[in-house]
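Written below as structure tokens is the structure these notes are about.
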Amino acid sequence: MYHVLLPVDADGTHVDRQLEATLDLPRPVEVTLLHVHEEIDAPAGEGGHTYVDDVNESLEEIQGSPETLDRAAAELEDADVAVDVRRVVGDPADSIMAIADEVDADAIALAGRKRSPVGKALFGSVTQSVILEGDRTVLVAP
1 MYHVLLPVDA DGTHVDRQLE ATLDLPRPVE VTLLHVHEEI DAPAGEGGHT YVDDVNESLE
61 EIQGSPETLD RAAAELEDAD VAVDVRRVVG DPADSIMAIA DEVDADAIAL AGRKRSPVGK
121 ALFGSVTQSV ILEGDRTVLV AP
């Protein structure tokens, strides 16, 4: 069985393309849906680390599960695809690669978006980081 890790962001702008690409794969396929609640960092050298740590520990509870995660799970189940749902707190790229290792995913299904070279340099890209730093096949939906 082919195992795909499909990270889902909160705004859901890419999830339809990711699902379409994943559902186009030959069956049987198993999918682990992942939502990463991005950690809040305390400014260096300032107090508040304990408070920020408490917030990070409760982040999933505070933010809840995005609707896109539930919708993606339902769509995959409707297509008779085995689904596991994971939620973690951390850096998105690092968390994606860690969970891919944990579940031994054969591929990671991401989506690209148009960005200028300056935008990529200034803001980075989760997709770019996973492609360059990861050791798994990455399926990038257009």
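All letters in the sequence shown, in the order written, are residues 1 to 142 by the working numbering. All C-beta atoms in this analysis are idealised placements derived from N, C-alpha and C, irrespective of residue type, glycine included.
Look at D70 here: in three-state DSSP terms it is helix. Here P7 is bridged, per DSSP, to L34. The shortest C-alpha to C-alpha distance from P26 to any of V4, R136, S95 is the one to V4. According to the DSSP secondary-structure assignment, I108 is paired through a beta bridge with L5, V138. Where R86 is concerned, the enclosing beta strand (DSSP E) starts and stops at 82–90. Within the DSSP bridge table, the entry for V29 names Y2 as partners. Residue state for T13 is assigned as coil, using DSSP reduced to three classes.
For P28, same chain residues with a beta-carbon under 6 Å away, outside a window of 5 residues either side, are M1 in chain order.
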